[in-house]
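*Asks:* Would you mind keeping the following structure in view while I ask a few things?
In structure tokens form, the structure reads like this:
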């Protein structure tokens, strides 16, 4: 039948991520991640992004692989819903989430299917902070970061003229 998201699965995964301090905990996390065989539930993506905020070297790649198997539209919807929960100090880490691990996207893909999630989930102050973080990491010349960078700058300029 396959994996079905549940709040219990998410709570157990996030709790293990927060408290992992042994190989046994790592194995439990891997077991929970290995259960995921469906890539069409935004709740699963949001749970994985919560875990990636915590960062566990090695295990994160398993979560990223799952996210990369998801449709890019679902991936970015979850990114922009989740990125608003990042503190200012965590935004540097959030910048790496702008690069969908499933492949390369065109500006047209982003304009027609993704930028709406920015408009629906981020305020101008958050966009300004992301622009700063993208500049700090020198991602503003790399795709897709430059597309997001330019879009954020455009929206900021648009708001300053209102």
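Numbering (the numbering used here), first residue to last: 23 to 184.
Heads up, the beta-carbon is just placed ideally off N, CA and C, and yes, glycines get one too.
Please list the segments of the alpha helix (DSSP H) lying wholly inside the segment 91 to 126, counting only runs of 4 or more residues, in order along the chain.
*Replies:* You should have 94 to 104, 113 to 117.
*Asks:* So residue 154 is in the alpha helix (DSSP H); what residue range does that whole segment cover?
*Replies:* Looking at the DSSP string, the run of the alpha helix (DSSP H) that includes residue 154 is 146 to 158.
*Asks:* Pair every Cβ in the segment 96 to 103 with every Cβ in the segment 140 to 150, then say whether three or more of these pairs are closer than 8 Å.
*Replies:* In short, these stretches touch, since the Cβ pair count reaches three.
*Asks:* What would DSSP say about residue 141, mapped onto helix, strand or coil?
*Replies:* Three-state DSSP puts residue 141 in a helix.
*Asks:* In three-state DSSP terms, what is residue 67?
*Replies:* Here residue 67 sits in helix by DSSP.
*Asks:* Using a 10 Å radius around the Cβ and a threshold of 16 neighbouring Cβ atoms, would you call residue 57 buried or exposed?
*Replies:* Its Cβ having fewer than 16 others within 10 Å, residue 57 is exposed.
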